[in-house]
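Written out below as structure tokens is the structure these notes cover.
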Amino acid sequence: MVAAGKIAEVLGLKRIHTLPELAAAVAHGLPKSALKTCVGRIFPRPADQKPVIYRVVPEGTYKRRRHALKFDESERTERLARVIATAEYVWDDKEDARAFLTSPHPGLEGRRPIDVAVTELGARRVEDLLWKVFYGVPV
24 MVAAGKIAEV LGLKRIHTLP ELAAAVAHGL PKSALKTCVG RIFPRPADQK PVIYRVVPEG
84 TYKRRRHALK FDESERTERL ARVIATAEYV WDDKEDARAF LTSPHPGLEG RRPIDVAVTE
144 LGARRVEDLL WKVFYGVPV
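Right, dumping it as structure tokens:
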């Protein structure tokens, strides 16, 4: 598993270094900006960010949300950040991680890993795929 500090970095959170601190931040409600920062790490253009953001938090809800995300929205945001942090760790390069996450993969039925990762089971599949790449196991 990737370190909590790395996940927090993807979320744009500076004061989190441990899993208990990350869990507390998720339970309290991550700032709305954490989702935008997380997705912006993969999609620099705002127009490209919106479809992913709105799969994590529905568009109407996202637009109404002022500061903190609700618990379930925070969990989904952390999950996406964990997948991104894992990809960056495995590829050891942000651009290579971005290319992996945004390109269709045969091990995911031709879907992009970033799209699969928005659900719990999907995120597990993407993380499993990444760790196979890391350890040199055929995928």
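The working numbering puts the first residue of the sequence shown at 24, with every later residue one more than the last.
Built from N, CA and C at the ideal position, the CB exists for glycine as well.
Selection from the options that minimises the alpha carbon distance to residue i
i	options	result
VAL62	ILE76, TRP114 and VAL139	ILE76
LYS93	SER126, LYS117, LYS55 and GLY145	LYS55
ALA110	LYS155, HIS90 and LYS73	LYS155
ILE65	PHE123, HIS51, HIS40 and LEU153	PHE123
HIS51	ARG121, ALA120 and ALA91	ALA91
THR142	LEU153, GLU98 and GLU118	GLU98
GLY35	ARG121, TYR112, ARG148 and ALA108	ALA108
Whole-number beta carbon distance between residue j and residue i, since they are thought to touch under 8 Å
i	j	result
GLY130	VAL162	5 Å
LEU17	ALA27	Because residue 17 is not part of the residues shown, which for the chain are 24 to 162, the question remains open.
Buried or exposed (CB count within 10 angstroms, at least 16 for buried), residue i
i	result
LEU42	exposed
PRO136	buried
ALA48	buried
ALA70	exposed
ARG68	exposed
ARG38	exposed
Distance between residue j and residue i (C-alpha atoms, nearest Å)
i	j	result
VAL79	GLU96	7 Å
ASP115	PRO81	32 Å
ARG88	GLY159	42 Å
PHE157	GLU150	10 Å
LYS58	THR100	The identity of residue 58 in the sequence shown is Leu, whereas the question assumes Lys. Taking the straight line from one Cα to the other gives about 6 Å.
GLN72	HIS40	26 Å
ALA146	VAL139	7 Å
HIS128	LEU152	10 Å
GLU118	SER126	12 Å
Review point. Can you find at least 3 beta carbon pairs, one from the stretch 98–114 and one from the stretch 24–39, that sit closer than 8 Å?
Key: For the pair of segments examined, the stretch 98–114 was found to touch the stretch 24–39: the number of CB pairs separated by less than 8 Å reaches three.
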